[in-house]
Amino acid sequence: MLVFPMTKGPIRLDVAVSYALPRAGLPSAVSFRKWVAAALKGRIREADLAVRIVDEKEGCSLNHHYRGKDYATNVLSFPAELPEGLPKGVKMPLLGDLVICAPVVAREAAEQGKSLAAHYAHLTVHGTLHLLGWDHEDDKEADAMEQLEREILADLGIDDPYAGEL
433 MLVFPMTKGP
443 IRLDVAVSYA
453 LPRAGLPSAV
463 SFRKWVAAAL
473 KGRIREADLA
483 VRIVDEKEGC
493 SLNHHYRGKD
503 YATNVLSFPA
513 ELPEGLPKGV
523 KMPLLGDLVI
533 CAPVVAREAA
543 EQGKSLAAHY
553 AHLTVHGTLH
563 LLGWDHEDDK
573 EADAMEQLER
583 EILADLGIDD
593 PYAGEL
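If you read the sequence shown in the numbering used here, its first letter stands for residue 433, the second for the next number, and so on.
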């Protein structure tokens, strides 16, 4: 996990949101920006990232290509890599890309009895934390990441997404 010192004051945030399917019923770009900003608040001063909302075919293709899995998943995070040869101390605000699969999110929200907006918010926060270096490969990492997600979502007025899980 990457550790970013807590920062104060406003952040410069550029979130490019693109939709690879009709936008009806999907959260607005403003909503995605709000959720990303909440995940970054106090953790980083400036960031550029892209959020792409895809259909199941594109989600499956990306998950197969990058993770070797033959199904679409809810969110994929692609952290940016610093180009070689940058002078020491130069920081790049580019965090990376999030790909969110709309049909999977809708299906999960219905199955879990969550509002669609709350589930999108959770997955956007979750994916953004991955871009910051958080992970859930073991129980300790998962517990820490889930607790941080709960805190961020609570600040947004969204209920604990893990409530009721065993």
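Beta carbons are placed, not taken as given, at the ideal position from N, Cα and C, and that holds for glycine. Bear in mind that the values here come from a model prediction, so they are computed numbers and not experimental data.
query	result
Can you say whether A479 is buried or exposed, counting buried as having 16 or more other CB atoms within 10 angstroms of its CB?	buried
Check for me: the alpha helix (DSSP H) holding S463 runs from which residue to which?	A461 to L472
Look at L548 and A541 and say whether their C-beta atoms are less than 7 Å apart.	yes
Measuring only the C-alpha atoms, how far is K572 from V536?	27 Å
Roughly how many angstroms separate the alpha carbons of A576 and P519, rounded to a whole number?	33 Å
Straight-line CA distance for K546 to P459?	15 Å
Enumerate in chain order the residues of its own chain whose CB-to-CB distance from P593 is below 6 Å, with the five nearest sequence positions on each side excluded.	H554
Does DSSP put P593 in a helix, in a strand, or in coil?	coil
With a threshold of 7 Å on Cβ separation, who are the neighbours of E583 within its own chain once the five nearest residues in sequence on each side are excluded?	none
Using the C-alpha atoms, what's the distance from H497 back to G559?	18 Å
Counting along the chain, where does the alpha helix (DSSP H) carrying S493 start and finish?	E488 to R499
Could you spell out the range, first to last residue, of the beta strand (DSSP E) harbouring P511?	V507 to P511
Quick check on the burial criterion: 16 or more other C-beta atoms within 10 angstroms. Buried or exposed for R455?	exposed
What residues are listed by DSSP as bridge partners for G528?	L481 and P511
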